[in-house]
Amino acid sequence: MSERLALLKPLIADAMTHAMAIQQCEQRAADSVQQVLERALTVTDMPTDKHQLKAWLLRAVHNAAIDVIRRQRKEQGLGGEDYEQQAPTMIEPEHQFETWQTQQMVRMALQKLPIEQREIIVLREINGCSYADITQIMQLEQGTVMSRLHRARLALKQVLETLQRGEK
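Quick note: the sequence shown uses my numbering, first residue 22, plus one each step.
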């Protein structure tokens, strides 16, 4: 069990980022990741190769996060909570503020995207997943991943431009 935990530990941050991209609620994302990690410690077919393990774990997080959203929609409708923003940790105040502003703008723009677009951007650009990993995680063909990622980037660019102009 400690060997499994050692394999999973470096991937927890990516799993949390992925869950946050889908759920936009820190508590729900943490719950989903914890649920997946608990399951990962007991399953018999967990990959041991680091590359395969990351794709496997992020796919499990994807499924758990989507399940929570489906349950929430059935119970409460389409509402959702905004997740808490973390303060940046850079030393220089001016640079720290500029970085924080940029991060806030990107977060706001990501929140405005549909889940599918937000998820694929987070997987590729934040978690650093390869196209092959994304095809496994989202269960899509590579060409579909590439076209969806392209459309998601265009949508993100459009939302960012709108936010920079001060529109909502």
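The C-beta atom is built at its ideal place from N, Cα and C for all residues, glycine as well.
The model shown is predicted, which means the values in this text are computed figures rather than measured ones.
Nonlocal neighbours in the same chain, by C-beta distance under 7 Å from residue i, ignoring five residues either side
| i | result |
| --- | --- |
| L129 | Leu is not the amino acid found at residue 129; the sequence shown has Met there. Hits under 7 Å: L184. |
Residue span of the alpha helix (DSSP H) that contains residue i, given as start and end
| i | result |
| --- | --- |
| Q185 | 163 to 185 |
| D35 | 33 to 44 |
| S23 | 23 to 29 |
| I141 | 136 to 142 |
Assigned secondary structure, residue i (DSSP; H/G/I helix, E/B strand, else coil)
| i | result |
| --- | --- |
| S53 | helix |
| T156 | helix |
| L99 | Any reading at L99 needs caution, since the residue's pLDDT is 46, under 50, leaving its predicted position unreliable; the model's value is listed next. Looking at L99 - three-state DSSP - the assignment turns out to be coil, as it is neither helix nor strand. |
| V64 | coil |
| N84 | helix |
| T123 | helix |
Cβ-Cβ distance between residue i and residue j below 9 Å
| i | j | result |
| --- | --- | --- |
| Q132 | A173 | no |
| L62 | R25 | yes |
| V166 | H39 | no |
| A86 | Q44 | yes |
| M67 | A50 | no |
| L177 | L134 | yes |
| I136 | I90 | yes |
Residue i versus the options, residue with shortest Cα-Cα distance
| i | options | result |
| --- | --- | --- |
| Q122 | C150, L181, R60, L177 | L181 |
| L28 | K71, Q55, M37, M41 | K71 |
| Q56 | A81, G164, S151, Q93 | A81 |
| Q157 | G187, W77, Q125, R145 | W77 |
| L74 | E162, P31, V127, K178 | P31 |
| F84 | S23, T65, T69, D52 | Note on identity: in this sequence residue 84 is Asn, with Phe being the wrong assignment. Of the candidates S23, T65, T69, D52, the one whose C-alpha sits nearest the C-alpha of N84 is D52. |
Residue i CB to nearest heavy atom of the ligand GDP below 8 Å
| i | result |
| --- | --- |
| V57 | With respect to the ligand GDP, the structure shown offers nothing to examine, as it has no ligands at all. |
Contacting residues, own chain, Cβ-Cβ under 8 Å from residue i (five flanking each side not counted)
| i | result |
| --- | --- |
| L58 | L29, I33, A36 |
| I141 | I155, M159, V166, R169, L170, A173 |
| R60 | A81 |
Neighbourhood of residue i by C-beta distance below 6 Å, restricted to the same chain and skipping five residues each side
| i | result |
| --- | --- |
| G187 | none |
| C150 | L144 |
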